[in-house]
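Structure, as structure tokens:
In the working numbering, the protein residues as written are 1053 to 1310.
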């Protein structure tokens, strides 16, 4: 029997690559995204028994409940739930009350509620992977909506791991700079990096979506059976590198700051 994975935010970026890699690993993927065009373009590559698509905004409670009903009509189990979808609408300078709460609904509440709806569907040995971010640990200015959401995802992960003990393992992945350009609707993309783009990463490279999808596959495998409640940063070591003025090739000129 083929394993079944649910992937949210599957139409583009990391979610798109994860959908491709999970199908390649033998899963049937139930994908959800509000980008109908992007998801339909991806679906055109696969057979119906490989990829099933549901279109909707997971920031809405009714959409999650509709997805739950749709899923139960087609499948009898969940082996992997990848809570990937998220949005950003800025921060203190430009994010409204409603926008802030919408980002939380998409990035946190949906992860919680979808997991709650599907708890009785988790198969033996099943796994949940929540996509957090290194922005839960470090920030740029005016990113409060996204940063707060990812901080909540990290905390939600270890809480769910304890609650679902014996039912499903729950882990989080925190991507750093992942270049998703090649996994958008228009795939004619060639990356161009400055020396500083790679220099800031101890690994000497910028990340790509497969760096996240391959870890997600591992976390959903029996090989990771003793990994639970963890948040794993995949950032080329960037969050571990201290950078001071005139250090590691970097200089800071406050006159150029707004």
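Where is the CB? At the ideal position from N, CA and C, for every residue including glycine.
Do residue i and residue j have their CB atoms nearer than 7 Å?
| i | j | result |
| --- | --- | --- |
| residue 1163 | residue 1135 | yes |
| residue 1188 | residue 1209 | no |
| residue 1111 | residue 1157 | yes |
| residue 1143 | residue 1206 | no |
| residue 1258 | residue 1270 | no |
| residue 1191 | residue 1155 | no |
| residue 1107 | residue 1119 | no |
| residue 1055 | residue 1131 | yes |
| residue 1085 | residue 1091 | yes |
| residue 1219 | residue 1278 | no |
Should residue i be labelled buried (16 or more other beta-carbon atoms within 10 Å of its own) or exposed?
| i | result |
| --- | --- |
| residue 1215 | exposed |
| residue 1254 | exposed |
| residue 1275 | exposed |
| residue 1250 | exposed |
| residue 1178 | buried |
| residue 1243 | exposed |
Give every residue of the same chain whose Cβ lies closer than 7 Å to the Cβ of residue i, excluding the five residues on either side of it in the sequence, and list them in chain order.
| i | result |
| --- | --- |
| residue 1116 | 1110, 1162, 1165, 1166 and 1169 |
| residue 1185 | 1202, 1226 and 1227 |
| residue 1288 | 1228, 1253, 1254, 1255, 1257 and 1259 |
Relative to the ligand GDP, is the shortest distance from any of its heavy atoms to the C-beta of residue i smaller than 6 Å?
| i | result |
| --- | --- |
| residue 1138 | Looking at this structure, you won't find the ligand GDP or any other ligand, since it has none at all. |
Among residues of its own chain, excluding the 5 on either side of residue i, which ones have a beta-carbon nearer than 6 Å to its beta-carbon?
| i | result |
| --- | --- |
| residue 1087 | 1063 |
| residue 1065 | 1232 and 1235 |
Give every residue of the same chain whose Cβ lies closer than 8 Å to the Cβ of residue i, excluding the five residues on either side of it in the sequence, and list them in chain order.
| i | result |
| --- | --- |
| residue 1263 | 1227, 1230 and 1286 |
Using only CA atoms, which one of the options lies nearest to residue i?
| i | options | result |
| --- | --- | --- |
| residue 1061 | 1204, 1235, 1114 and 1096 | 1235 |
| residue 1273 | 1247, 1133 and 1147 | 1133 |
| residue 1126 | 1182, 1176, 1080 and 1222 | 1080 |
Could you pull out every unbroken alpha helix (DSSP H) segment of at least 4 residues lying fully inside the region 1194–1261, listed in chain order? 1196–1215 and 1247–1251
Along the chain, which unbroken stretches of the alpha helix (DSSP H) at least 4 residues long are found entirely within the region 1133–1187? 1149–1156 and 1162–1170
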